[in-house]
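Each residue of the sequence shown is one higher than the one before, starting from 80 at the first, in the numbering used here. Note that beta-carbon positions come from the ideal geometry of N, C-alpha and C, so glycine has one too.
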Amino acid sequence: MARLPRLTLPGLPHYVVLRGNNLQPIFVDGQDYAHMKAVLAEMAGRFGVQLHAFALLPNQLHLLLTPEQADSLPQFMQSVGRTYVRSFNNRHGRSGTLWEGRYRATVLEPQSWMLPAMVVLECQPVDEGVTSRAVDYGWSSARHHVGAQTERMLRLHPSYWKLGNTPFAREAAYAELLDRGPSAEVREVVLQAALKGWVLGSDSFVQELQQHTTRRLQRQKAGRPVRTLPPKTE
Numbered sequence: 080m081a082r083l084p085r086l087t088l089p090g091l092p093h094y095v096v097l098r099g100n101n102l103q104p105i106f107v108d109g110q111d112y113a114h115m116k117a118v119l120a121e122m123a124g125r126f127g128v129q130l131h132a133f134a135l136l137p138n139q140l141h142l143l144l145t146p147e148q149a150d151s152l153p154q155f156m157q158s159v160g161r162t163y164v165r166s167f168n169n170r171h172g173r174s175g176t177l178w179e180g181r182y183r184a185t186v187l188e189p190q191s192w193m194l195p196a197m198v199v200l201e202c203q204p205v206d207e208g209v210t211s212r213a214v215d216y217g218w219s220s221a222r223h224h225v226g227a228q229t230e231r232m233l234r235l236h237p238s239y240w241k242l243g244n245t246p247f248a249r250e251a252a253y254a255e256l257l258d259r260g261p262s263a264e265v266r267e268v269v270l271q272a273a274l275k276g277w278v279l280g281s282d283s284f285v286q287e288l289q290q291h292t293t294r295r296l297q298r299q300k301a302g303r304p305v306r307t308l309p310p311k312t313e
């Protein structure tokens with residue numbers, strides 16, 4: 080089945096996935112990881128993208144971001160991909176494509192899905208067997224959100240601010256969410272939505288967005304529907 084056209088909605092959070100071709104490694108050493116972070120920071124500022132969370136995995140990268148303009152996300156991702164692969168190929172004496180193809184993305188209803196999506200994203204290193212604890216992984220935003228280090232390129236989302244009245248309270252509350260991790264169901268719903276391009280949100284949220292596009296925003300319901308009610312975060 081052909082993929083749906085990518086959907087970009089300014090002012091709303093997007094979960095974005097970019098994977099290596101045939102899931103081959105896209106990072107070989109620490110210099111590669113550090114360079115990708117630098118590229119993300121530069122291009123986010125250049126194209127009007129607010130980065131909220133990231134996870135750099137050996138063969139893929141996951142991002143939570145909010146584009147400021149309709150063309151912010153595609154321009155950002157195109158520039159990130161081209162800039163990074165040029166450096167990667169030069170460093171490692173290779174040529175040709177590094178990516179499996181175009182990036183995958185979904186739009187999230189922020190009030191109900193932003194925090195669950197952040198937890199899914201920052202627990203990806205655990206789920207992929209790269210580390211045993213999300214806060215121990217140095218190439219994601221988890222340590223930033225629990226107060227263990229500072230990532231200047233990140234913009235805290237309002238959903239995160241609502242976790243507490245002080246930085247310590249927010250960091251402690253989010254650390255508890257990370258320690259619990261996402262349920263298998265929530266993880267599956269978020270990742271499948273990102274990979275297939277289905278909007279993740281309530282019926283009213285989807286209906287409101289549907290008024291502004293002819294593209295289908297959720298898969299046609301046949302048989303038993305997949306539950307997409309927001310998980311509890313408290």
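- With a cutoff of 8 Å on beta-carbon distance, S166 and H114 are scored as near each other.
- It is roughly 33 Å from the alpha-carbon of Q203 to the alpha-carbon of H291.
- Around the CB of W240, fewer than 16 other CB atoms lie within 10 Å, so the residue is classed as exposed.
- Going by DSSP, V96 is part of no alpha helix (DSSP H) but of the beta strand (DSSP E) stretching over H93 to R98.
- A Cβ-Cβ separation of about 28 Å leaves A273 out of contact with R173 under the 8 Å criterion.
- For V107, the number of other beta carbons within 10 angstroms of its own is below 16, and it is reported as exposed.
- Per DSSP, reduced to three states, the secondary structure at F106 is coil, with no helix or strand assignment.
- E147 sits exposed, since fewer than 16 C-beta atoms from the chains shown fall within 10 Å of its C-beta.
- M156 is positioned such that its CB atom lies no closer than 8 Å to that of P92.
- With fewer than 16 other beta carbons inside 10 angstroms of its own, L102 counts as exposed.
- Nearest Cα to P237 within the set Q228, M197 and G226: M197.
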